[in-house]
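So the number in our numbering is just where the residue sits in the sequence shown, counting from 1, plus 175.
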Amino acid sequence: MNAVRAILVVACSALLLAIVAPSMFENPPWPYSGVSQQDGPIGARLTVTIERNSPAYRAGLRTSDALGCLSARNNSRLFDVYAPNLLYTPDPISLCAFRHGTWRNVTFAPTPMPPPGLMYGTLWIATLRLAVFIIFLIVGSALVVARPSLMTWLLFGYCCANVPWAAAQGMLLWLPGTSYATAKTLLSVLTYSAGPLLALFTLVVPENGVPRGWRGKTFWTVVALSLGYFGLSVATDLATTVNFGPLTSWIDEGFTALTVLLVVARLVTMERPDRARFGWAAFAIMFGIVCNVVRNDVLNNVISIAGGVLTVVMPLCLMYAILRRHVIDVRFVLSRTVVYGIVTTLVVAIIGVVDWATSAYLSEVRTALAIDAAVTIALGLALHRGYNWIESAIDAVLFRKKHAAEAYLRRAARSLLRADGEETIDAVLVGDPYEALDLSMAALFRARGNAYACVASVGWTSAETVALARGHDLVRFLAVERARIAVADLRAHVRAQFLEAGAVPAVAIPVLCDDELFGFAVYGLHRDGTQLDPDEIESLEHLCEMAAQAYTVVELRRYRGRVSVVVPALEAP
176 MNAVRAILVV
186 ACSALLLAIV
196 APSMFENPPW
206 PYSGVSQQDG
216 PIGARLTVTI
226 ERNSPAYRAG
236 LRTSDALGCL
246 SARNNSRLFD
256 VYAPNLLYTP
266 DPISLCAFRH
276 GTWRNVTFAP
286 TPMPPPGLMY
296 GTLWIATLRL
306 AVFIIFLIVG
316 SALVVARPSL
326 MTWLLFGYCC
336 ANVPWAAAQG
346 MLLWLPGTSY
356 ATAKTLLSVL
366 TYSAGPLLAL
376 FTLVVPENGV
386 PRGWRGKTFW
396 TVVALSLGYF
406 GLSVATDLAT
416 TVNFGPLTSW
426 IDEGFTALTV
436 LLVVARLVTM
446 ERPDRARFGW
456 AAFAIMFGIV
466 CNVVRNDVLN
476 NVISIAGGVL
486 TVVMPLCLMY
496 AILRRHVIDV
506 RFVLSRTVVY
516 GIVTTLVVAI
526 IGVVDWATSA
536 YLSEVRTALA
546 IDAAVTIALG
556 LALHRGYNWI
566 ESAIDAVLFR
576 KKHAAEAYLR
586 RAARSLLRAD
596 GEETIDAVLV
606 GDPYEALDLS
616 MAALFRARGN
626 AYACVASVGW
636 TSAETVALAR
646 GHDLVRFLAV
656 ERARIAVADL
666 RAHVRAQFLE
676 AGAVPAVAIP
686 VLCDDELFGF
696 AVYGLHRDGT
706 QLDPDEIESL
716 EHLCEMAAQA
726 YTVVELRRYR
736 GRVSVVVPAL
746 EAP
């Protein structure tokens, strides 16, 4: 499934680039017809203004004629707002004209005009705009492949929706009528989806599913509005003889305004830890909105271009939030990517140097090939043995603080086997992760009769009130699944019960002794509101596993102590 997802995401991104990139650097002759659309009420019949001595005028069209029988392709050739950047095609334009109560057929061929220059002005500006789009695609694709969720798919869709579609739409005129109408409609829907997708992303981030409460209701409302909007955008593309004017632009601006309101509403209603996670994402969303408004609505060409280029800050800020604030955990993905990159670079560099040396100083081909093969094999064996060292080194450099915390927890876990009592083990299970990982809370529950009582905690104000019966949801799940449980996956009353103690844990990890649930530890988010990443959870699981062995060792020592007292008493005369 991971491979299928990666192939799908990369294929979609590559297809968009294949459609858009060449079009941005085309500069062909453009078609001149002398037809322009008249302003009118939305939904009214399309009427035109005709320039004298133009191809349309010579064919019999006149100002204030109403048009009909117009295909989507011919509509673009006549009325596209980027008319000077359209691809010239010599085939005639056929349509119907309504005048004085009668319809008449009109056919004429546009006149080719000299190339006007690149749509984006200069080569470097076109390259810069394409680079911005590529960065959007890279960020969106990487996050979906690394951590697929509703949030990352919405972000990927928004990144794709930033496609520079105008150039592609103008260059796709070589397609036949039906194919062009399909391609134009898909590109239009993709572009129109940017506003709705950003609004939905704003509602979901930093969670991985449909939110609850007012955000959930708003989410489904925006989905319904988006579906209606997409249907309307398709209708406006296909209704080629009806004047819809700026209707879709108005709706798109409405979604933009809605997104701004959602960002403000979330910042106002959030708790402080959640605001810490959402802050950078909120900044990125607002900055992207401002840049898009400047790009689309400011008439000054230089300022508009600057706005389009500065939109690149948005995905980069989101990536920073993801890496720095763990909105989505991709730490291990980044670490492995860097490792693979270094290993691959070393392999290519060393083999390249060896190949150059053997070619330069050895004339015997067989000898050179033998040396190349020997070096390649030796290099493969060396890298195989050194891979873990390289991975640890990169992890320590990029994530030094986290790496130090995990290393300390591994040392603490090994030391548990030397603990002199349960109280020492309890303190290590609770206090060490709380300090090393900067957790918001940590607590330990151990079996006491028919319940599991909280025997140690930190970060809770009233831990003594928390005791869970053996039939409690969390206890039953831990006893059966024998693996960590995300507390957020449990029912609302479980979270509410923990909230009474001061904070809701993020994860519960069992402590299993002789296949029995001896107890379990619960750990909260980081104090800045960010999530625990998989490596941190793995360290906590290892700590609980070693604690289970330590509890067994302590009990065994106590048993031996009792036996050593009883046996001499029995042997006494």
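Where a beta carbon is used, it is the ideal one built from N, C-alpha and C, also for glycine.
Among the residues of its own chain, which have a CB less than 8 Å from the CB of residue i, if the five just before and after it don't count?
i: Arg252; result: Pro206, Ser208, Leu261, Thr264, Ile268, Pro285, Leu348
i: Arg180; result: Val319, Val320, Pro323
i: Phe507; result: Because the pLDDT of Phe507 is 41, which lies under 50, any placement of that residue in the model is unreliable, and the number read from its coordinates should be weighed accordingly. Only Asp708, Pro709, Asp710 meet the Cβ criterion.
i: Trp328; result: Val319
i: Thr366; result: Ala336, Val338, Trp340
i: Asp595; result: Val729
Please classify residue i as buried or exposed, where buried requires at least 16 neighbouring CB atoms within 10 angstroms.
i: His701; result: buried
i: Glu597; result: buried
i: Met326; result: buried
i: Ser198; result: buried
i: Ile182; result: exposed
i: Asp427; result: buried
i: Leu493; result: buried
i: Leu312; result: buried
i: Trp278; result: exposed
i: Trp455; result: buried
i: Val397; result: buried
i: Asn280; result: exposed
i: Ala644; result: exposed
i: Leu330; result: buried
i: Gly315; result: buried
i: Gly694; result: buried
i: Ile194; result: buried
i: Asp664; result: exposed
i: Tyr355; result: buried
i: Gly352; result: exposed
i: Tyr734; result: exposed
i: Ile660; result: buried
i: Arg304; result: buried
i: Asn250; result: buried
i: Ile478; result: exposed
i: Pro608; result: buried
i: Leu236; result: buried
i: Val210; result: buried
Any heavy atom of the ligand FAD closer than 6 Å to the beta-carbon of residue i?
i: Thr360; result: This structure lacks the ligand FAD; in fact it carries no ligand of any kind.
With a threshold of 7 Å on Cβ separation, who are the neighbours of residue i within its own chain once the five nearest residues in sequence on each side are excluded?
i: Val679; result: Val662, Arg670, Phe673
i: Ala369; result: Tyr333, Ala336, Asn337
i: Ala611; result: Ala580, Tyr583, Leu584
i: Arg511; result: Note that Arg511 scores a pLDDT of 45, beneath 50, so its modelled location is shaky; the value from the coordinates is reported in the next line. Within the same chain, Arg511 has no close Cβ partners at all.
i: Asp412; result: Ala247, Lys359, Thr360, Ser363
i: Ala654; result: Leu692
i: Gln213; result: Thr222, Val223, Thr224
i: Ala234; result: Val281, Thr282, Phe283
i: Gly391; result: Val385
i: Met445; result: Phe453
Less than 8 Å between the CB atoms is what I'm expecting for residue i and residue j, so what's the real figure, rounded?
i: Ile600; j: Ala683; result: With 8 Å as the limit, Ile600 and Ala683 do not qualify as a contact, their Cβ atoms being about 17 Å apart.
i: Ser408; j: Arg585; result: In fact, because the Cβ distance is near 55 Å, the residues do not count as touching under 8 Å.
i: Ala247; j: Thr415; result: 6 Å
i: Ala587; j: Leu402; result: The Cβ separation is near 53 Å, so there is no contact.
i: Ser632; j: Ala618; result: 4 Å
i: Pro381; j: Phe453; result: 6 Å
i: Ala459; j: Met489; result: 5 Å
i: Ile300; j: Ile480; result: 6 Å
i: Met346; j: Glu226; result: That belief does not hold up - the Cβ atoms of Met346 and Glu226 are roughly 25 Å apart, past 8 Å.
Kindly list the residues whose CB is nearer than 6 Å to the CB of residue i, restricted to its own chain and excluding five residues on each side of it in sequence; keep chain order.
i: Ala722; result: Leu591, Ile600, Leu604, Val686
i: Gly677; result: Trp635, Thr636
i: Leu373; result: Tyr333, Thr434
i: Arg220; result: Ala241
i: Gly699; result: Leu614, Ser615, Met616, Ala678, Pro680, Ala681
i: Cys466; result: Gly482, Leu485, Thr486
i: Met294; result: Asn260, Ala342
i: Val697; result: Ala618, Pro680, Ala683
Does any CB atom of chain D fall closer than 7 Å to the CB of residue i?
i: Ser239; result: Here there is only one protein chain, and chain D is not present.
Three or more C-beta pairs below 8 Å linking the region 432 to 444 and the region 370 to 387: yes
Given 8 Å, three or more beta-carbon pairs between the region 340 to 347 and the region 232 to 243: The answer is no - the region 232 to 243 does not touch the region 340 to 347, with fewer than three Cβ pairs under 8 Å.
Those runs of the alpha helix (DSSP H) which lie wholly inside the region 211 to 274 and span at least 4 residues: Considered as a whole, the region 211 to 274 harbours 230 to 233, 247 to 254 as its complete alpha helix (DSSP H) runs of no fewer than 4 residues, in chain order.
In chain order, each beta strand (DSSP E) run of at least 3 residues that lies wholly inside the region 615 to 674: 617 to 623, 626 to 633, 642 to 644
Within the region 375 to 445, ranges of the alpha helix (DSSP H) (whole runs, at least 4 residues): 388 to 413, 422 to 444
Segments of 4+ residues assigned as alpha helix (DSSP H) that fall wholly inside the region 348 to 373: Complete alpha helix (DSSP H) runs here, min 4: 352 to 367.
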